[in-house]
Each structure stands twice: as structure tokens, then as C-alpha cells.
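Residue numbers (UniProt numbering), protein chains in the order written: chain V, 1 to 227; chain G, 1 to 189; chain X, 1 to 189. Okay, structure first, notes after.
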Amino acid sequence: MFTVELDVYAGPYDLLLKLIMREELEVFEVPLRRLVELYRSTHLAPDLERDTEFADSATALVLLKSRLLSPLLEPAEAGEEAPLLSPEELAGRLKEYLKIRRAAERLADRFKANAGYHPSAVSLPPRRERLAISRGRLLETARRVFSRAPEPQTHHLGPITVTVQELAALIEAALTRGPRSFDEIVSGMDRLRTAVAFAAALSLSSEGRLNLLQSEPLGPITLEPRP
Amino acid sequence: MNAAARIEAILIVSPRPVSLRALSRAADLPEPETREALEELARRYSPESSGVVLRHVAGGYQLATNPACARYVESFREVARPAPLSAAAYEVLATVLYMGPITRGGISAVRGVNSDAVVRSLVDRELLREVGRDEEAPGSPALLDVTEEFLTAAGAEGREDFPPLDELVSAEELERVRERVVRSGREAG
Amino acid sequence: MNAAARIEAILIVSPRPVSLRALSRAADLPEPETREALEELARRYSPESSGVVLRHVAGGYQLATNPACARYVESFREVARPAPLSAAAYEVLATVLYMGPITRGGISAVRGVNSDAVVRSLVDRELLREVGRDEEAPGSPALLDVTEEFLTAAGAEGREDFPPLDELVSAEELERVRERVVRSGREAG
């Protein structure tokens, strides 16, 4: 089964930086203004919950491929205005992010190197009078826990990943009878689902499961199953 | 790692005595070698010079403080801040109090995040304990419940001292939570 | 009892690192003697031969298992190591380590992506905690910082144990990023 580790999507800065560092030409083909729109929507989108992490990256992918897929490029939200980042400002942010990214890698190494230490569990007979559990806090906590809106399942894959799986499955199902246009597949989907569907298509393509065809710049995209 | 080191590492993470058999199995050593390693450790952790001693008690072997150091240990406990219960610990305790006996998977399903680490620390602190297994679920996971220790710390005589759940949340919300627990049981394994 | 034995007895009953000051007070020893006793213990509990080692982390001292024995400890506990953190989680931790105390919004801004869910799971794992509020910002959002647990997990004595952020990336590499972004902006513009 097709799966996507959430780890792959650490956010649009991460993705941008990877493309830049890998010297992939694509990044130069993307109008900066559109990238900036991406940042805007990332920062200001109002109701983003835990799915955001992936959705943002999917949107980033979509926008990076914007020459391929113009219909997705309507402005983020009507009425939302945010200051545009200049290239220098964007470069500044990416530079700061790169440092954090490096720090995170070092941190991961340190955590790994220290994972084998287990603290002493030798304990004395418990001193009951020292530990007090607040009943008020316990009841307050119970009320909150049991009335919390159910969150998506998060075992080892992020909830949004399930959506990608669904959409990947949907795309594969749609292609069983031959090539289909992307527009056809996503007709009726909202922006987010469309973005995630495109990311799913990109992933399937990078896995060698399908080809993405486009006859002219800004033209419609056709998905063609690979044998 | 040498035999004594393996045994030593296992003993220090166990709050209770460990049997020869359990030691030799976890350390991947034959019992005679385990016994020898224990003799070596007994020499090293001797009551004459060490602050930690190896005790051989009914249930097995255990590292413990040397009674000759009791004064200092007591004085440390006076100054040491007892680790307060975290918000996550309260959530797990509330979940088990009202939904228990319940599996680790069930607790995680109610809270929406993996709760194994929190459960482990509460079991270590003897506020939760395993009371059986859910034979219906795949893999028969352990069922957890709150302990006497928990009730004492909360100043309660028993469960009936806590208000019923339907006074805290609506029937509809409760149904949703129960549904999540049931679903997690079916998906486990 | 000798100084090292007193310290040893105190350390073995404390799962958390204990500061030099608390040790010397509880063991009724002047700090220089406490320090000497710790050196003696460090030799005895050495990573070469012992299953238990003396760690100096999070501003204190701690007895813990030798990672070389982790296999046996984990087999004894019958629990797998907790799931490793995601790349996103390490990014959030690094952000708070170097920029903290910082708000959730601040973290998201540095990373370019909403980080609330990641923060929540890290607070749950007690690697981050709220340490106050940013009164200047609208709504006085909570400020987060790394915890003692974080330092212990990273094997660090304190913040100063981490290299300065500006040393992590070379000037050339930073310039390369800038140059590429600016050039792509010009070309696309």
C-alpha cells in the first residue's frame, strides 16, 4: 500500500530549501510572487488544524509546480491582505530556517545517542502524604477530555496522510480504464482536496506508478497509468 | 557487555525484586552465569562500603539503598521536590478512573494521543496497575485500573466518591468517547 | 558512611538529575567533598565495564543504565523504545532551544508552517512546557521553553552545551541560499 511518512513534509521552507540546495532548476521557474502567496496563506489561514502541516506542503508543491497547474492559483482567501515578502526577505527567512534545520538534525543525533540511558527506578516505599491528587483538577480534566472533539487518528501516520492515501487510491482507481485528465478527477473537490490530490499524483508519479503529461505550458494535465 | 553489567542494568530499572529466571532470560544468559554475575555484584554492592546494596529477598534480587545511609536518603527526600503530576498524567488518570478497566490503546483513543509513556510512569508510581487482559481484543492487551494508592492520594474512599460521569458531560459526548474506545479495540493488534 | 556511599544512595533513589547543591546538603558534606565523591563514583560507574553509569546532565547528576546494555533493559521491560520523534518535532525543539522562550506563533513563523499539533505532543512528552505569557502580544499567548527532561534526553548539562546557532551553517552556504532566492526572484519577477 502506498504510504507517505509525515516526516517527509516538514513544511514549505523545508521543501523550498531542499529544492534550492539540490539545485533543481524548477525552483527558478516558479514566479516568486506566487511563492509569496504560499507563505501568506501558510501564516494567515484561519482554521488550519493538525492537517495543516501536510496540507501546507502539498500546497507548496502545487505552487512550485504552478506553471503546470494554473487553475489552482487563485488568490488564497478573498479579502486577505498580507505584506508581500521581497526576495531579500524570503532569503532572510530561509537562512534562519536553514540554521534551525541544521540544529534539528544535530538534536536528533543527540537524542539518538542518548536514547539508551534509562534512569534508576529503584524506589523507596512510597510516602503517601507527599503525593496529593487534586480531585477538583481531576474532575475538570475528565470534563475536558471527554467532551473534546474527536481528533483524527494519529497512530504513526498523520491524519492528513490518510487523506493522501485515499486520494492516491482514488486516482489509481480512476486510472484503471486508461488516462484521465486531472481536472476531471478533481472536479467537485475543494481547494484543499485538490491540492492534496495533486500532491498524491506527484507522489504516485515519483513512485513510477503514473505519468504526468502536459502538452503545452499552462495546459491541462493528463494522468496516464504506467504498466 | 559482561554478564554482571547486564544484570546490574536490569536491576536498576526495576522497582521490585526480579527472579533469577527473569534476570537470566532478559540478560540472555544461562542461569549458572547469572548466578555468578549476581555473586560478583553482591561483592561490589557490599554493605561495608557501598551506598547501594544487592538484596536477595523472597521474590528475587533487588538493588536498594544501604540502611546505613538511611539518614541521608531521608534528608534528600525532605529537600527533593516530589515530581508533580503533569497535565497528561491527570488526563490519563481521569480516563482510567471513569473508563477503566481499560487498555493502553483505549486510553490513547480517548485522549487522541499515544499515552504509553505516561501510563508507564503512572504504573511505576503505583497509581495505575494491570488488573487483567482484554481477551476480546487482538493480542489480549492488558487492562489497567486505578490503585488504592490513587484513591488515597485523591482523598477518596472508593470510586463512588467521584461524581458520575453523566454529571460531567452530556450523554452524546459520552457516547462518542465510548465509540472511540470500542473502535480502537477492534483496530488494535 | 563514606562520602561516595552517601551520594550513591541518594542518586539511586532519584530518577531525575540531582544538583551538586542538593546532593551536598542531603549528604551533609561540603561541596568540594561532594565533588570528589562524584569523581570517585564516575570512575566506579564507568561506561567501559559497568551496567550503570553516572551521567552529568540537566544541571545535575544521575545514575542510569549504560546504553551498551539497552538491549537487555528493553527486553526486561518488554516495552519498545518510545517512537522516535519526527523531523518536525526536532525542528520545533531546536526552535525553542535557540529562540525560546517563544510563543506557538513564533515557532510557526520560524518554521513557515503551523506547529501547534507538534507543540502539543511535545508538551505531552514533557520536552516543552509553558513558562509564562507574552504580555506584549495580543491575547497574551503562552511562552514555551525546553524542560529538564529535554536536556536529559539530549544528554546536555544545559543550554550552553549546544553550539551557537550561527556556527551551524557556513557563511558560504547562507550566501548561496540568498543568492539563489534573489536570483530566482529576479528571473521570475
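For each residue, glycine too, the CB sits at the ideal point set by N, CA and C.
With 9 Å as the limit, tell me which residues of the region 7 to 19 of chain X have their beta carbon closer than that to any beta carbon of chain G; keep them in chain order. Under the 9 Å Cβ criterion, the region 7 to 19 of chain X contributes I7, E8, A9, I10, L11, I12, V13, S14, P15, R16, V18.
Chain V residues whose Cβ lies nearer than 9 Å to that of residue 260/X: Past the boundaries of the shown model lies residue 260/X; chain X is included only from 1 to 189, so the question cannot be answered.
Against chain X, which members of the region 107 to 125 of chain V pass a CB distance test of less than 9 Å? L107, A108, R110, F111, K112, A113, N114, A115, G116, Y117, H118, P119, S120, A121, V122, S123, L124
Cα-Cα separation between A9/G and L167/V, rounded to whole angstroms: Mapped onto the second sequence, residue 9/G falls at position 9. Mapped onto the first sequence, residue 167/V falls at position 167. Going by the C-alpha atoms only, they are around 48 Å apart.
For chain G, is any of its Cβ atoms less than 7 Å away from the one on R143/V? Position 143 of the first sequence, counted from the first residue, corresponds to residue 143/V. It does: the Cβ of R143/V has a partner Cβ on chain G nearer than 7 Å.
Could you round the C-beta distance between L54/G and A42/G to whole angstroms and report it? I think they count as a contact, below 8 Å. In the second sequence, counting from the first residue as 1, residue 54/G sits at position 54. In the second sequence, counting from the first residue as 1, residue 42/G sits at position 42. Right, the Cβ-Cβ distance comes to about 5 Å (below 8 Å), so this counts as a contact.
My output table needs one value for P119/V: the three-state DSSP class, helix, strand or coil. Taking the first residue of the first sequence as 1, we reach residue 119/V at position 119. Of the three classes helix, strand and coil, the one that applies to P119/V here is strand, per DSSP.
Alpha carbon to alpha carbon, how far is P141/X from R133/X? Position 141 of the third sequence, counted from the start, is the residue given in the question as residue 141/X. Position 133 of the third sequence, counted from the start, is the residue given in the question as residue 133/X. If I take the Cα positions, the gap works out to 6 Å.
From which residue to which residue does the beta strand (DSSP E) around G60/G run? Against the second sequence, residue 60/G aligns to sequence position 60. Counting along the chain, the unbroken beta strand (DSSP E) around G60/G starts and ends at 60 to 65.
So that I know if they touch, is there some Cβ in chain X lying closer than 7 Å to that of A91/V? Numbered from 1 along the first sequence, position 91 holds the residue referred to as residue 91/V. Taking Cβ atoms only, chain X reaches closer than 7 Å to A91/V, which makes this a yes.
Any contact between the region 54 to 73 of chain X and the region 88 to 101 of chain X? By contact I mean 3 or more CB pairs, one from each, below 8 Å. no
Count the other CB atoms, across all protein chains shown, that sit within 10 Å of the CB of T176/V; report buried if there are 16 or more and exposed otherwise. For the purposes of this step, residue 176/V is identified with residue 176 of the first sequence, where counting begins at 1. Around the beta-carbon of T176/V, fewer than 16 other beta-carbon atoms lie within 10 Å, marking it exposed.
Assuming V145/V is part of the alpha helix (DSSP H), what are its boundary residues? Mapped onto the first sequence, residue 145/V falls at position 145. Element bounds for V145/V: 135 to 147.
So, is K112/V buried or exposed, given that buried needs 16 or more other C-beta atoms within 10 angstroms? Counting from one through the first sequence, the residue named residue 112/V turns up at place 112. That one is exposed.
Among A68/X, P47/X, V13/X, R21/X, whose alpha-carbon lies nearest the alpha-carbon of G51/G? Taking the second sequence and counting its residues from 1, the one referred to as residue 51/G is at position 51. Ranking A68/X, P47/X, V13/X, R21/X by Cα distance to G51/G puts V13/X first.
Can you tell me whether A4/G is buried or exposed, with buried defined as 16 or more other CB within 10 angstroms of its CB? Here residue 4/G is taken as the residue at index 4 of the second sequence, counted from 1. The residue is buried, with at least 16 neighbouring Cβ atoms inside 10 Å.
Please list the partners that S121/X has in chain G, where partner means a Cβ-to-Cβ separation under 8 Å. The sequence position of residue 121/X within the third sequence is 121, counting from 1. Near S121/X (Cβ distances below 8 Å), the residues of chain G are V113.
Measure the beta-carbon distance from R120/G to T147/G and round it to whole angstroms, keeping in mind my assumption that it falls under 8 Å. By one-based count along the second sequence, residue 120/G stands at place 120. By one-based count along the second sequence, residue 147/G stands at place 147. Not confirmed; about 14 Å, so no contact.
Kindly indicate which three-state DSSP category G106/G falls into: helix, strand or coil? For the purposes of this step, residue 106/G is taken as the residue at position 106 of the second sequence. In the structure shown, G106/G sits in a helix (DSSP, three-state: H, G or I).
I'd like to confirm something about R159/X: is its beta-carbon nearer than 6 Å to some heavy atom of the ligand GDP, or not? Within the structure as shown, the ligand GDP is missing, as the structure has no ligands at all.
How many Å lie between S46/G and V123/G at the Cα? Walking along the second sequence from the start, residue 46/G turns up at place 46. Walking along the second sequence from the start, residue 123/G turns up at place 123. Their Cα atoms are separated by approximately 30 Å.
Which residue or residues does DSSP assign as beta-bridge partners of N211/V? Taking the first sequence and counting its residues from 1, one reaches residue 211/V at position 211. E224/V, per the DSSP bridge assignment.
Tell me the residue span of the alpha helix (DSSP H) that contains E33/X. Position 33 of the third sequence, counting from 1, holds the residue named residue 33/X. E33/X -> alpha helix (DSSP H) spans 31 to 44.
Between which two residues does the beta strand (DSSP E) containing E130/X stretch? Here the question's residue 130/X lines up with position 130 in the third sequence. Per DSSP, E130/X belongs to the beta strand (DSSP E) from 128 to 133.
Segment contact flag, the region 103 to 113 of chain G with the region 165 to 184 of chain G, C-beta cutoff 8 Å, min 3 pairs: yes
Status (buried if at least 16 other CB within 10 Å, exposed otherwise) for T59/V: Along the first sequence, read from residue 1 onward, the residue named residue 59/V stands at position 59. Low per-residue confidence applies at T59/V: pLDDT is 49, beneath 50, and the placement is therefore not dependable, though the value from the model is reported in the following sentence. Counting Cβ neighbours within 10 Å, T59/V comes out buried, since at least 16 surround it.
Could you name the residues of the same chain whose beta carbon sits closer than 7 Å to that of E91/G, not counting the 5 residues immediately before and after it, in chain order? Here residue 91/G corresponds to residue number 91 of the second sequence, with the count starting at 1. R111.
By the DSSP assignment, the beta strand (DSSP E) with D145/X in it spans what residues? Your numbering for residue 145/X matches position 145 in the third sequence. Its beta strand (DSSP E) spans residues 142 to 146.
Tell me, to the nearest whole angstrom, how far the beta carbon of A137/X is from that of V57/X; I am working on the premise that it is less than 8 Å. Numbered from 1 along the third sequence, position 137 holds the residue referred to as residue 137/X. Numbered from 1 along the third sequence, position 57 holds the residue referred to as residue 57/X. That belief does not hold up - the Cβ atoms of A137/X and V57/X are roughly 33 Å apart, past 8 Å.
What residues match up with L54/G in a beta bridge as DSSP calls it? Reading the second sequence from its first residue, position 54 is the one you call residue 54/G. In the DSSP output, where bridge partners are listed per residue, L54/G has L63/G.
What residue range is occupied by the uninterrupted alpha helix (DSSP H) comprising R71/X? Locating residue 71/X in the third sequence gives position 71, where the first residue counts as 1. 70 to 77 is the extent of the alpha helix (DSSP H) around R71/X.
Here's a check: name, in chain order, each residue in its chain whose Cβ is nearer than 7 Å to the Cβ of I7/G, leaving out the five neighbours to either side. In the second sequence, residue 7/G corresponds to position 7, counting from 1. Counting only Cβ-Cβ distances below 7 Å, and skipping sequence neighbours, we find L23, A27, T34, A37, L38, L41.
Pull the bridge partners of S181/V from the DSSP assignment, please. Here residue 181/V is taken as the residue at index 181 of the first sequence, counted from 1. Bridge partners of S181/V: T222/V.
In three-state DSSP terms, what is V119/X? Residue mapping note: residue 119/X aligns to position 119 of the third sequence, counting from 1. In the structure shown, V119/X sits in a helix (DSSP, three-state: H, G or I).
Start-to-end residues for the alpha helix (DSSP H) that takes in L93/X: Working through the third sequence from its first residue, we reach residue 93/X at position 93. From DSSP, the alpha helix (DSSP H) with L93/X extends over 87 to 99.
Apply the 10 Å Cβ neighbour rule to R125/G and answer buried if 16 or more other Cβ atoms are within range, or exposed otherwise. For the purposes of this step, residue 125/G is taken as residue 125 along the second sequence, with counting starting at 1. With 16 or more Cβ atoms within 10 Å of its Cβ, R125/G is classed as buried.
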